[in-house]
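Structure first, commentary second.
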Amino acid sequence: MADKVLTLVSTELAEEGKKFIFMGGHIECTDCKFSNLCLNLEKGQKYKVVNVRKPVHDCGLTEGKVQIVEVEKDKRSVCVDKKYAIDGAAITFFPSGCGQIGCKHFHQCNPDGVENEDKIKIVALGKKAECVIGQNRVVVDL
333 MADKVLTLVS TELAEEGKKF IFMGGHIECT DCKFSNLCLN LEKGQKYKVV
383 NVRKPVHDCG LTEGKVQIVE VEKDKRSVCV DKKYAIDGAA ITFFPSGCGQ
433 IGCKHFHQCN PDGVENEDKI KIVALGKKAE CVIGQNRVVV DL
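So the mapping is simple: my numbering equals the position in the sequence shown, first residue as 1, plus 332.
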């Protein structure tokens, strides 16, 4: 069973089964009384809401409402160069840089929340990615 974590999300995301990628906080968030709860997730990680709690709070940054939820990490697939695709490896991520937005692997080769040279940990290997420009990339789970 996955570890559950309490955090705050917008009321639009506060629904069991909703998934999101935590993109990090804003500098304005550091003075907020909820920052420890709101910013306690891993940047670039995908999460799934597994339980919604009643309290709703105002958010000074978004001028909207946020709600306390329990989340757990969700599987996230990205494409990496084959030479780095090693099960269990902690590697430096490099996006494909190809710009082929119509490619079915574009969002795995250039994933939201994972920047050039970020450290990532591979937890499972997938299939070879069919690359339209011939790069030798493999789908891996983080």
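From the three backbone atoms N, C-alpha and C, an ideal C-beta is built for every residue, glycine too. Here the structure is a predicted model, which is why all the values come from computation and not from measurement.
The C-beta of LEU393 has fewer than 16 other C-beta atoms within 10 Å across all chains shown, which makes the residue exposed. The continuous beta strand (DSSP E) containing GLN399 extends over residues 397-405. The criterion of a C-beta distance shorter than 9 Å is satisfied by VAL455 and GLY420. CA-to-CA, the gap between VAL401 and CYS364 works out to about 18 Å. By the neighbour-count definition (other C-beta atoms within 10 Å, threshold 16), ILE359 is an exposed residue. The C-alpha of LEU338 lies about 7 Å from the C-alpha of LEU369. In this structure, the alpha-carbon of LYS415 lies about 15 Å from that of GLY466. Taking 9 Å as the cut-off, the Cβ atoms of GLU404 and VAL384 do not count as close.
In terms of Cα proximity to PHE438, the closest of ALA422, ALA417, LYS407, VAL470 is VAL470.
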